[in-house]
Amino acid sequence: MTSETNDAFENSLENVEVKIKGEPLPSGKYTVVAVDIDTTGKRLIDEVVQIATYCPKDQFSQYVMPVMNLNPAARQRHQIRIVTSRYFRMLKNLHTAKIIKTKSEVAALNDFLKHLKKLKEEDCDSQGVVLMYHEHRKFAPYMLIEAMKKYNLLDDFLGVVKSFVNTHTVAVEKHGNTMKYFSLKEVTKALLNVDDKDLFEGNASVRAKLVYSVGEFLARGSEECDEATCAKKLVEFCVEYGCQTNQELQELEEQEKILQRQSTLRPIFLEYFRTTLYHRVKAVTFRRVLAEHGHELTELYKIWEESKKDGLIKCLESCDELKENDRNELIEILDHHFDPEKQAYRPIVRRRSSTGNPRSSSRSKSDNHGKGNGKNMGNNNNNNNDVSPSKKKFFRNNRNRFNRTNKMNA
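Counting from 1, one number per residue, gives the positions in the sequence shown under UniProt numbering.
Quick look at the structure:
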């Protein structure tokens, strides 16, 4: 794993989850729009690559030229990448091998705001726009808010957008007993009977359209109704499950604090980040749990100075998310890190056996050829297992010629 991927993995928002109960959305008439975004990664410092919205009246889609490159996971997920031609950077679609027309991030965000304002004005007596999205871990609202902050557009954005509604949480609440997986693909397949293999879910515009369809189904249920009734039920659905945008702002502020605490705890788990993916995931989990409980490096060190290992044990009793074995392992890691007489705690890495691995077997054979006494080396050379048939014939003819010469001299 490269350092770029490792940093993206450690600081990803997928590793942090904060839930704050916000104020309910006041009843009234709202314009419901489905939204989705493609980004260069899953961190707050990443950039938007595509913004897409969908509603029956109109839809919007715009690609953005990011300053940073997409990380490997984002390239694979969205099937786009940054290419360079002389002094110019361009966005390329890996499916069609064509260059995509892009705009700067600030221009794309302004167009996005104009589109939302237009939809609100066209919908008579609308009090604002409600954005629907479908994500297991809330990410799109945070990225949109961060992008608007960057260019001082947050006030205009909050003046138009009144709430966010996550259809994933509603689907889990309503169909948790009948379904096991709630990704957008599984939900559309189970609830809407849509299983089109030609739909590419890596595209934000495709996902936005599917999100709107899922929201409509969750609002009206299995009953059929006309367009006006369906739109009315969709607004009632958003009022029931939506909260004011202050909730996202508070959650985002708390997440930034948690990420700062996580960054202070990184030196404790350096040995884990240098090993296998299994131990890197475990280290990220340990850091997240400590940060969510409000622990920082200096605070943990003070606890260890006062009460040593017993203080750490008492401090981590409230971490119910960890199993007993993991909690004991975390205590050992912290104790070894703070105690100058002990070495850093290293995880036990169990390497897979090389049996059946052609690379390992070839290496072992080559190692066996190069080791041992001269007798074994001679036997290995006489086997000629790695010699081609033409060379074997050449050696055999030379040996016969040598034998005939010796007989004539005798």
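Where is the CB? At the ideal position from N, CA and C, for every residue including glycine.
When the Cα of residue i is compared with those of the options, which residue comes out closest?
{"i": "threonine 285", "options": "Gln262, Leu119, Glu135", "result": "Gln262"}
{"i": "histidine 134", "options": "Cys124, Ala344, Asn166", "result": "Asn166"}
{"i": "aspartate 38", "options": "Pro56, Val67, Arg77", "result": "Arg77"}
{"i": "aspartate 326", "options": "Tyr301, Lys342, Glu305, Ala283", "result": "Ala283"}
{"i": "glycine 159", "options": "Glu121, Glu173, Glu305, Glu227", "result": "Glu121"}
{"i": "tyrosine 272", "options": "Ile348, Gly176, Pro340", "result": "Ile348"}
{"i": "serine 73", "options": "Pro66, Arg81, Val67", "result": "Going by the sequence as given, residue 73 is alanine instead of serine. Nearest C-alpha to alanine 73: Arg81."}
{"i": "serine 213", "options": "Leu199, Tyr151, Glu23, Ala34", "result": "Ala34"}
{"i": "phenylalanine 338", "options": "Glu306, Leu252, Glu321", "result": "Glu306"}
{"i": "leucine 119", "options": "Lys101, Pro66, Lys57, Met148", "result": "Lys57"}
{"i": "glycine 28", "options": "Gln50, Asp156, Asn69, Glu240", "result": "Glu240"}
{"i": "glycine 50", "options": "Gly311, Cys124, Leu249, Lys103", "result": "The question names glycine, yet the displayed sequence has glutamine at residue 50. Of the candidates Gly311, Cys124, Leu249, Lys103, the one whose C-alpha sits nearest the C-alpha of glutamine 50 is Lys103."}
{"i": "arginine 274", "options": "Ala344, Leu234, Cys238, Gly176", "result": "Ala344"}
{"i": "histidine 168", "options": "Cys225, Leu316, Phe139", "result": "Phe139"}
{"i": "arginine 137", "options": "Arg43, Glu223, Gly176, Ala228", "result": "Arg43"}
{"i": "threonine 264", "options": "Leu249, Gln250, Gly294, Leu252", "result": "Gly294"}
{"i": "leucine 154", "options": "Arg287, Arg220, Glu23, Asn246", "result": "Asn246"}
{"i": "glycine 215", "options": "Ala171, Gly176, Ile331", "result": "Ala171"}
{"i": "alanine 108", "options": "Arg220, Met90, Pro66", "result": "Pro66"}
{"i": "alanine 228", "options": "Pro340, Arg75, Pro26, Asp123", "result": "Asp123"}
{"i": "glutamine 255", "options": "Ile45, Arg220, Glu236", "result": "Ile45"}
{"i": "threonine 238", "options": "Arg220, Gln250, Asp226, Leu249", "result": "The question names threonine, yet the displayed sequence has cysteine at residue 238. Residue Arg220 is the option with its Cα nearest to cysteine 238."}
{"i": "threonine 276", "options": "Gly311, Leu25, Arg346, Pro340", "result": "Arg346"}
{"i": "glutamate 248", "options": "Met90, Val161, Ile331", "result": "Val161"}
{"i": "arginine 287", "options": "Gln250, Pro340, Glu329", "result": "Glu329"}
The beta strand (DSSP E) that contains residue i, what's its start and end?
{"i": "threonine 31", "result": "31-39"}
{"i": "threonine 84", "result": "80-85"}
{"i": "arginine 220", "result": "It is not in any beta strand (DSSP E) - arginine 220 instead sits in the alpha helix (DSSP H) that spans 204-220."}
{"i": "phenylalanine 164", "result": "161-166"}
{"i": "residue 419", "result": "Any question about residue 419 goes unanswered here, given that the chain covers just 1 to 410."}
{"i": "isoleucine 145", "result": "Not the beta strand (DSSP E): isoleucine 145 falls in the alpha helix (DSSP H), residues 140-150."}
{"i": "valine 349", "result": "Segment: none, valine 349 is in no beta strand (DSSP E) and carries neither H nor E."}
{"i": "valine 49", "result": "48-54"}
If you measure between the beta carbons of residue i and residue j, is that distance less than 7 Å?
{"i": "glycine 41", "j": "serine 163", "result": "no"}
{"i": "aspartate 335", "j": "lysine 309", "result": "yes"}
{"i": "isoleucine 258", "j": "alanine 291", "result": "yes"}
{"i": "valine 211", "j": "methionine 132", "result": "yes"}
{"i": "leucine 191", "j": "phenylalanine 217", "result": "yes"}
{"i": "tyrosine 30", "j": "alanine 208", "result": "no"}
{"i": "cysteine 319", "j": "valine 289", "result": "yes"}
{"i": "tyrosine 151", "j": "valine 106", "result": "yes"}
{"i": "leucine 234", "j": "valine 32", "result": "yes"}
{"i": "glutamine 244", "j": "glutamate 47", "result": "no"}
Please report the residue range of the alpha helix (DSSP H) in which residue i lies.
{"i": "asparagine 328", "result": "324-338"}
{"i": "leucine 184", "result": "184-191"}
{"i": "tyrosine 301", "result": "297-315"}
Under 7 Å between C-beta atoms, does residue i make it to chain D?
{"i": "aspartate 320", "result": "Structure shown: chain D not included; a single protein chain is present."}
task = Scan the stretch 230-280 and note each continuous alpha helix (DSSP H) run of 4 residues or more that stays entirely inside, going in chain order.
result = 246-264, 270-273
message = Check whether the stretch 198-211 and the stretch 47-64 are in contact - that is, three or more C-beta pairs closer than 8 Å.
response = A contact between stretches requires three or more CB pairs, one per stretch, nearer than 8 Å, and the stretch 198-211 meets this requirement with the stretch 47-64.
query = If we count Cβ pairs, one from each stretch, closer than 8 Å, do we get three or more for the stretch 96-115 versus the stretch 123-130?
reply = no
query = Do the stretch 256-272 and the stretch 296-304 make contact, defined as three or more Cβ pairs closer than 8 Å?
reply = Segments in contact, yes.
ask   = At what residue ranges does the stretch 80-134 contain a whole run of the alpha helix (DSSP H), taking only runs of 4 or more?
value = 105-122
request  = State whether the stretch 171-188 contacts the stretch 138-149, with contact taken as three or more CB pairs (one from each stretch) at a distance under 8 Å.
outcome  = no
task = Would you check if the stretch 81-94 and the stretch 104-116 touch, i.e. whether three or more CB-CB distances between them fall below 8 Å?
result = no
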